[in-house]
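In the numbering used here, the protein residues as written are 229 to 465. Backbone N, C-alpha and C define an ideal beta-carbon position, used for all residues, glycine too.
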Ligand code: IPE
Ligand code: IPE
Ligand code: MG
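This is how it looks when you write it as structure tokens:
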């Protein structure tokens, strides 16, 4: 690939990691890192939209994160409550559609109501879609898809040979979104932590040493520049 030919970049998925370390480094409680991380969400969302990205999926809270201390989980949930009521409004006003993926039944009902309200209010925004993975686990998502398919088969609505990649994709939370082109993880960790396992089959990966609260427009643009120079092959020679 020549340098002037850019890869298409429709969808970026980010694992926003490093909030706790950011706070600990400063002698602050972990929650202070989550607060600063929430500010980075606004900055990076706007930067992605400006860069022409159509889908941005952010990993905000995993199914495994429920195992953290009650103090941290409660702190994160109250931060989320505030965020849903204030900051999302700002993002929403900038023409961004907001949607959520993950296990909603695990979340408090007032939070779920707020999420549904935001999804409805932003449904016609078409500048970019911001997808927040909240109480999200990819294996859980895949298992619920398999269950749906098994139910359809048991009812006689489909035959085993009807099950293909398209049908399976359509059973996932991400059903109407293109697969991520680029997955970014901040904070230097190099693992996927149960994120979009099915969807990242041919994604490019970028592991950034920057802790999420320090992540900004320049960090994102430098990563996009790196991505633009990669050669995506999809198995072809
Ligand atoms: C990411 O930051 C945010 C969540 C997982 C909710 P961490 O809280 O994982 O921060 P580190 O990895 O401990 O630094
Ligand atoms: C992944 O980060 C989940 C989110 C960023 C929301 P973690 O910090 O929970 O992942 P591990 O435990 O280091 O793999
Ligand atoms: Mg972490």
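{"Asked": "To the nearest angstrom, how far is the alpha carbon of residue 388 from that of residue 401?", "Found": "22 Å"}
{"Asked": "Assuming contact is defined by CB atoms lying nearer than 8 Å, are residue 445 and residue 357 in contact in what I supplied?", "Found": "no"}
{"Asked": "Residue 355: which of 321, 371, 365 and 332 sits nearest, CA to CA?", "Found": "321"}
{"Asked": "What do you reckon, is the C-beta of residue 442 under 7 Å from a heavy atom of ligand 3?", "Found": "no"}
{"Asked": "Taking the alpha helix (DSSP H) that residue 443 belongs to, which residues open and close that run?", "Found": "Unbroken run through residue 443: none, as it is neither H nor E."}
{"Asked": "For residue 377, which residues in the same chain have their Cβ closer than 8 Å to its Cβ, ignoring the five residues on either side in sequence?", "Found": "386, 391, 395, 396 and 399"}
{"Asked": "Measuring CB to CB, does residue 415 end up less than 8 Å from residue 254?", "Found": "no"}
{"Asked": "I want to check one thing, is the minimum distance from the CB of residue 417 to the heavy atoms of ligand 2 below 7 Å?", "Found": "yes"}
{"Asked": "Residue 379 lies in the alpha helix (DSSP H); which residues open and close that run?", "Found": "366-382"}
{"Asked": "Mapping the DSSP letters down to three states, classify residue 279 as helix, strand or coil.", "Found": "coil"}
{"Asked": "Which same chain residues, not among the five before or five after residue 266, have their C-beta less than 8 Å away from its C-beta?", "Found": "307, 311 and 315"}
{"Asked": "Please report the straight-line C-alpha distance between residue 230 and residue 279, rounded to a whole angstrom.", "Found": "For residue 230, the pLDDT reaches just 48, beneath the cut-off of 50, and the residue's location in the model is therefore unreliable, although a value from the coordinates is still provided. Rounded to whole angstroms, residue 230 to residue 279 spans 20 Å at the Cα level."}
{"Asked": "Less than 7 Å between the CB of residue 289 and some heavy atom of ligand 4, yes or no?", "Found": "This structure does not include ligand 4; its bound ligands are ligand 1, ligand 2 and ligand 3."}
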